[in-house]
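Under the working numbering, the first residue of the sequence shown carries the number 39, and numbering increases by one thereafter. Glycine residues also receive a C-beta, built at the ideal position from the N, C-alpha and C atoms.
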Amino acid sequence: PAGGDAPAAVAALREACLRHPGPVPVFVHVLLPEHEVVIRARSLSVDGGPEVVAALQERFGTDAVRLDHA
């Protein structure tokens with residue numbers, strides 16, 4: 039959930055990812071009323087550690103952030 043301000047949410051996501059660079063690709067899942075859109079953020083990748091997860095959870099909420107391991 040972006041809280042109604044999508045540009046601010048995208049900026050916050052980008053800022054958090056840029057503060058924690060690394061090799062893990064970033065995918066954003068946008069939940070719409072009738073479907074879900076998955077976007078690969080090609081210009082962003084993160085370290086995948088607990089610091090980036092905590093930063094994203096702080097901004098977007100605990101349930102909004104998930105780190106999947108392949």
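At 4 residues or longer, what runs of the alpha helix (DSSP H) sit wholly inside the region 70-102? 88-98
Rounded distance between the beta-carbons of A93 and A54, thought under 8 Å: 4 Å
Can you tell which of V90, G99, F65 has its C-alpha closest to the C-alpha of V75? F65
Give me, in chain order, the residues of the same chain whose beta-carbon lies closer than 8 Å to that of H58; leave out the 5 immediate sequence neighbours on both sides. V84, D85, G87, E89, V90, A93
Let me know if L51 comes out buried or exposed under the rule of 16 or more other beta-carbons within 10 Å of its beta-carbon. buried
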